[in-house]
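A short write-up of the structure that comes next.
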Amino acid sequence: MPKKRSGGGLSSTQQAAKFLGVSVLAGAVMAGIALPAVGALGLAAKGSVESFDELPANLKTPPLSQRTTILDADGGQIATVYSRDRTVVNLKDISPYMQKAIVAIEDSRFYEHGAVDLKGVLRALNKNARSGEVSEGASTLTQQYVKNVFVEEAGDDPTKVAQATQQTLGRKIRELKYAIQVEEELGKKKILENYLNITFFGQQAYGIEAAAQRYFSKPAKDLNLQESALLAGLVQSPSRYDPVNDEAEATKRRNTVIQRMAEVGDISREQAAEAARTPLGLKVSKPENGCITAVNDASFFCDYVREVFLNDPVFGKTKEDRARIWNQGGLTIRTTLSPQAQGSVHDSLDDHVDKSDSVAAAVTLVEPGTGKILGMGQSKPFGYGKDETEINYSVDHSMGGSNYGFPTGSTFKPFVAAAALEEGRPVTQEYSSPYEMPYPDPVQTCSGKPWMNGGGETVPNESESEVGPYRLKEAMALSVNTYFVQMVADIGLCPVVKMTDGLHVVQGNGDKLPEVPAVSLGSKGISPLTMASAYAAFASRGMYCTPVAIESITQKIGNRQKSLEVPKSTCSRAMSEKTADTVNTLLQGVVDSGTGQEAGLTDRANAGKTGTTDERKNAWFVGYTPNLSGAVWVGSASQQVKMVGITIGGVPHAKVYGGSVPGPIWRDAMTGALSGKESPSFNLVDIPDADRGDGEGGGDRNDDGDNGDGGDGGLIGGLIGGGNGNGNGGGGTEPDPGFSIPEGFIQGQGNGPGGRR
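In terms of full-length UniProt numbering, the numbers along the sequence shown are unbroken and rise by one, the last being 757.
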């Protein structure tokens with residue numbers, strides 16, 4: 001008995017004999033090279049046997065790329081994404097009609113010959129020689145399968161695809177060598193199964209399961225005779241016989257397959273005649289690929305999941321490794337997205353902002369204590385047309401977001417307060433807080449080199465009626481700029497840096513916040529996800545948890561499944577429980593009687609902070625309950641729109657305030673997300689009210705403000721002019737700037753600082 005090689009193939013003698021007798025002729029014919037028999041045999045005499053024998057014995061078969069399904073936390077489908085729409089199925093899950101149809105039309109002697117069909121080669125060679133052209137090939141199903149493996153391995157690289165399909169004798173020699181190996185190792189049934197799973201059927205459908213769903217909206221196991229014949233006929237030329245675009249040509253090809261099935265005895269003549277008279281019966285399912293098809297405005301969350309996968313080393317050491325796994329697909333990704341919360345985000349945005357508005361809004365909801373992202377959406381839909389965008393306004397630039405994030409205005413002030421409380425300042429801390437003052441110096445920094453106000457820059461409050469002294473509770477409710485500038489000067493910048501580092505607050509471009517006093521007024525761009533996650537630490541009594549979007553992933557490779565490791569949220573203490581409880585008490589006052597009244601929830605404990613920035617280019621509300629944190633940003637991504645005399649969602653606004661536009665969006669999104677959920681309470685602390693006599697300045701302050709947002713006028717984040725906090729159109733004028741802007745005050749997208757409410 002001839003000795004077999006270690007690679008599982010035939011001996012050299014057997015290979016040479018088989019190659020000389022069949023392979024070269026088959027290679028010439030099937031490669032589309034119209035060579036006479038003598039020429040083909042002449043090629044064999046020039047060393048092709050040696051080249052054939054030197055080829056590796058084992059065909060590398062990469063896992064077939066399949067579709068990936070992204071699910072919400074309840075198991076509902078958000079979207080499917082794929083480089084190739086394919087679902088691998090077992091042979092038993094493929095209709096017997098389909099199995100017979102593909103064999104009949106592509107290789108009717110499949111079960112009778114080996115890797116190469118000698119009779120088929122000679123028949124094709126004879127016919128081609130008589131016609132003077134290559135009118136018939138002789139590739140077996142096994143050879144076609146091997147060719148498809150080469151194409152699959154090439155992926156979407158045009159150069160590699162061209163190499164895998166080039167019509168050369170060298171490629172056919174490789175194809176024949178591996179076909180012999182495949183026949184010996186897999187057997188006929190497995191080859192047929194693999195072939196039907198790898199083959200392209202047109203209309204973005206790879207494999208028979210995807211094809212059955214695409215053309216007939218049914219699984220492959222339920223295909224009838226005529227449906228199977230149609231799909232089998234597509235393999236030769238999916239574009240030429242495309243039934244969607246050319247029904248007549250597709251019908252002719254289908255009937256050719258039916259006739260061939262009758263000729264080889266798979267069906268009777270009567271069955272063939274009846275099937276040929278039957279209409280195509282298409283029930284086409286539109287290809288739905290990518291995050292753009294996601295339900296409930298979850299496209300941006302879907303894209304964020306993709307970015308997490310491509311960027312997190314837990315899925316592979318290099319970006320290339322992670323991209324290869326993603327493109328291979330076959331993943332079922334269960335995410336943290338709550339369908340209830342996401343639906344509420346979608347409805348709130350839809351109610352308050354139109355996609356055609358000159359500004360956009362973004363909402364992100366995060367669960368305190370776990371870091372789970374429960375909702376993420378924005379008013380500009382995911383897409384590439386007018387009033388659409390690919391930019392996810394909720395996240396950092398590295399994850400598909402804007403270049404810098406968006407200046408946060410006074411929503412930054414709670415971080416300053418938390419830093420001061422951690423430094424031991426009492427909750428009754430009082431500062432003179434005049435209407436206007438120079439930036440105090442020196443201000444200590446982490447580097448040891450103090451910040452100096454070399455230019456004599458000044459900072460005013462929102463309105464001239466805001467004159468201290470103030471204590472922290474009232475200063476937070478009224479969002480008094482000079483109070484927080486004095487607080488930073490008192491404690492230094494390093495405690496603020498320590499606090500924001502513990503809360504993972506960075507700029508939208510990934511850079512750390514600079515050590516300048518103006519940062520306390522929200523001058524730097526930060527993403528809504530970062531803000532929602534940071535405020536969630538207040539809700540969870542000082543524990544910060546990194547945001548997570550993925551609960552679990554399983555990957556299907558062929559017919560096997562395995563679980564993949566996923567990134568976990570890491571929680572750490574960012575501040576003491578006492579500090580968090582104190583901030584919660586302070587910010588509950590903002591929604592009870594301060595600038596955020598219009599945002600406040602009426603049925604549960606809640607807290608938050610408003611913010612508006614330079615020339616009203618950004619407006620924020622960031623707030624939370626003990627079990628949900630949310631950030632809402634409204635503005636122009638280009639930072640070119642001043643929200644003055646503007647209509648948003650069909651509602652005209654003389655001036656946009658943090659409480660009047662983002663606030664109601666937050667309120668409605670949170671209300672729906674928390675409907676039916678428990679309503680826990682904060683652990684509040686007692687904060688004495690300031691005893692303000694007639695001689696202590698400040699005059700008559702109405703905390704209601706304009707629609708709950710206080711006198712939110714002026715330029716440069718509330719540092720110039722503005723309203724008087726009196727609401728109902730009492731907003732004052734905006735005087736020309738009377739001070740210079742300190743170095744480092746403006747950063748990111750050409751937009752200045754915050755400081756407004």
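Glycine is no exception: its CB is placed at the ideal position from the N, C-alpha and C atoms.
Assuming Asp354 and Gly650 make a contact with CB atoms under 8 Å, what is their CB distance in whole Å?
For the purposes of this step, residue 354 is taken as the residue at position 354 of the sequence shown. For the purposes of this step, residue 650 is taken as the residue at position 650 of the sequence shown. Sure, about 7 Å apart at Cβ, within 8 Å.
Classification of Tyr97 by the beta-carbon crowding that lies within 10 angstroms, buried from 16 upward:
Here residue 97 corresponds to residue number 97 of the sequence shown, with the count starting at 1. Tyr97 comes out buried.
Residue interval of the beta strand (DSSP E) (run including Glu274):
Along the sequence shown, one-based indexing puts residue 274 at 274. It is not in any beta strand (DSSP E) - Glu274 instead sits in the alpha helix (DSSP H) that spans 269-277.
For the structure I just gave you, are there three or more beta carbon pairs, one from the stretch 594-602 and one from the stretch 637-648, closer than 8 Å?
no
Judging by CA-CA distance, which residue of Thr80, Ala534, Met643, Glu106 is the nearest neighbour of Phe415?
Counting from 1 along the sequence shown, the entry for residue 415 is found at position 415. It is Ala534 whose Cα lies nearest to the Cα of Phe415.
Taking Cβ positions, are Ala574 and Ala537 nearer each other than 8 Å?
On the sequence shown, position 574 is the one that residue 574 refers to. On the sequence shown, position 537 is the one that residue 537 refers to. Cβ atoms of Ala574 and Ala537: closer than 8 Å.
Simplified DSSP assignment, three categories, for Gly699:
As a working mapping, residue 699 is identified with position 699 in the sequence shown. Summary for Gly699: the model assigns pLDDT 33, below 50, so the residue's position carries little reliability; its value from the coordinates is reported in the next sentence. Reduced to three states, the DSSP call for Gly699 is coil.
Can you tell me whether Met452 is helix, strand or coil according to DSSP?
Here residue 452 refers to the residue found at position 452 when the sequence shown is read from its first residue. Of the three classes helix, strand and coil, the one that applies to Met452 here is coil, per DSSP.
Evaluate contact between the stretch 420-438 and the stretch 391-404, counting only Cβ atoms and requiring at least three cross-stretch pairs below 8 Å.
no
Put Ile94 into one of helix, strand or coil per three-state DSSP.
For the purposes of this step, residue 94 is taken as the residue at position 94 of the sequence shown. If DSSP states are grouped into helix, strand and coil, Ile94 belongs with coil.
Between the stretch 187-207 and the stretch 236-244, do at least 3 Cβ pairs fall closer than 8 Å?
yes
Is it buried or exposed for Asp72, if we count other Cβ within 10 angstroms and need 16 for buried?
Here residue 72 refers to the residue found at position 72 of the sequence shown. With 16 or more Cβ atoms within 10 Å of its Cβ, Asp72 is classed as buried.
Here's the rule I'm using: 16 or more other beta-carbon atoms within 10 Å means buried, otherwise exposed. How should Asn606 be labelled?
Residue mapping note: residue 606 aligns to position 606 of the sequence shown, counting from 1. Per the 10 Å Cβ criterion, buried.
Find the nearest neighbour of Leu59 within the set Ile70, Leu282, Arg174, judged by alpha-carbon distance.
Reading the sequence shown from its first residue, position 59 is the one you call residue 59. Checked all of Ile70, Leu282, Arg174; the closest Cα to Leu59 is Arg174.
Exposed or buried, Gln429, counting other C-beta atoms within 10 Å across all chains shown (16 or more means buried)?
Counting from 1 along the sequence shown, the entry for residue 429 is found at position 429. Label assigned to Gln429: buried.
Rounded to whole angstroms, how far is the Cβ of His352 from the Cβ of Asn296, which I believe are closer than 8 Å?
Here residue 352 refers to the residue found at position 352 of the sequence shown. Here residue 296 refers to the residue found at position 296 of the sequence shown. About 17 Å separates the two Cβ atoms, so there is no contact after all.
Could you tell me which uninterrupted alpha helix (DSSP H) segments, each at least 4 residues in length, are contained entirely in the stretch 395-427, listed from first to last along the chain?
413-422
Within its chain, find whatever has a CB closer than 6 Å to the CB of Arg109; leave out the 5 residues flanking it on each side and keep chain order.
On the sequence shown, position 109 is the one that residue 109 refers to. The residues are Asp117.
Can you tell me the Cα-Cα spacing of Asp246 and Asp266, whole angstroms?
Within the sequence shown, numbered from 1, the residue matching residue 246 stands at position 246. Within the sequence shown, numbered from 1, the residue matching residue 266 stands at position 266. So the two alpha carbons sit approximately 27 Å from each other.
Through-space distance from Val661 to Thr647, alpha-carbon basis:
The count along the sequence shown starts at 1 and reaches residue 647 at position 647. The count along the sequence shown starts at 1 and reaches residue 661 at position 661. Rounded to whole angstroms, Thr647 to Val661 spans 11 Å at the Cα level.
Look at the alpha carbon of Thr332 and the alpha carbon of Asn311, and state the distance between them as a whole number of angstroms.
Taking the first residue of the sequence shown as position 1, residue 332 is located at position 332. Taking the first residue of the sequence shown as position 1, residue 311 is located at position 311. The straight-line gap from Cα to Cα measures roughly 18 Å.
Distance, Cα to Cα, Lys92 vs Asn197?
Start at 1 with the first residue of the sequence shown, and residue 92 comes out as number 92. Start at 1 with the first residue of the sequence shown, and residue 197 comes out as number 197. Approximately 12 Å between the Cα atoms of the pair.
Please name the residue or residues paired with Gln77 in a DSSP beta bridge.
The sequence position of residue 77 within the sequence shown is 77, counting from 1. Per DSSP, Leu71.
Could you tell me the alpha carbon to alpha carbon distance between Val622 and Cys291, rounded to whole angstroms?
Against the sequence shown, residue 622 aligns to sequence position 622. Against the sequence shown, residue 291 aligns to sequence position 291. Whole-angstrom Cα-Cα distance: 27 Å.
Determine the direct distance from the alpha carbon of Leu349 to that of Ala631, and round the result to whole angstroms.
Position 631 of the sequence shown, counting from 1, holds the residue named residue 631. Position 349 of the sequence shown, counting from 1, holds the residue named residue 349. When rounded, the distance between both Cα atoms is 13 Å.
Assuming contact is defined by CB atoms lying nearer than 8 Å, are Phe300 and Gly375 in contact in what I supplied?
For the purposes of this step, residue 300 is taken as the residue at position 300 of the sequence shown. For the purposes of this step, residue 375 is taken as the residue at position 375 of the sequence shown. Not a contact, by the Cβ cut-off of 8 Å.
With 16 other Cβ atoms within 10 Å as the buried cut-off, status of Ala417:
To locate residue 417, count along the sequence shown from 1; it is residue 417. Per the 10 Å Cβ criterion, buried.
Return the chain-ordered list of same chain residues with a C-beta closer than 7 Å to the C-beta of Ile557, the five sequence neighbours on each side being excluded.
Counted from its first residue, the sequence shown places residue 557 at position 557. Here the set comprises Pro63, Gly330.
Would Gln143 be called buried (16 or more neighbouring beta carbons within 10 Å of its own) or exposed?
Residue numbering aside, residue 143 sits at position 143 when the sequence shown is read from its first letter. Label assigned to Gln143: buried.
Test item: CB-CB of Thr530 and Val506 under 8 Å
In the sequence shown, residue 530 corresponds to position 530, counting from 1. In the sequence shown, residue 506 corresponds to position 506, counting from 1. Yes, the pair counts as a contact, with Cβ atoms nearer than the cut-off.
Rounded C-alpha distance that separates Trp666 from Thr585:
Taking the first residue of the sequence shown as position 1, residue 666 is located at position 666. Taking the first residue of the sequence shown as position 1, residue 585 is located at position 585. Looking at the two C-alpha atoms, the distance is approximately 19 Å.
CB of Pro243 within 8 Å of CB of Leu225, strictly:
To locate residue 243, count along the sequence shown from 1; it is residue 243. To locate residue 225, count along the sequence shown from 1; it is residue 225. No; because the gap between Cβ atoms is not below 8 Å, this pair is not in contact.
Considering just the uninterrupted stretch of the alpha helix (DSSP H) at Pro528, what are its terminal residues?
Counted from its first residue, the sequence shown places residue 528 at position 528. From DSSP, the alpha helix (DSSP H) with Pro528 extends over 528-539.
With DSSP as the reference, label Thr602 as helix, strand or coil.
Along the sequence shown, one-based indexing puts residue 602 at 602. Looking at Thr602 - three-state DSSP - the assignment turns out to be coil, as it is neither helix nor strand.
Examine the Cβ distances between the stretch 100-114 and the stretch 258-274 and report whether three or more of them are shorter than 8 Å.
yes
Could you check if Ala162 is buried or exposed, using at least 16 other CB atoms within 10 Å of its CB as the buried criterion?
Counted from its first residue, the sequence shown places residue 162 at position 162. Exposed: under 16 other Cβ atoms inside 10 Å.
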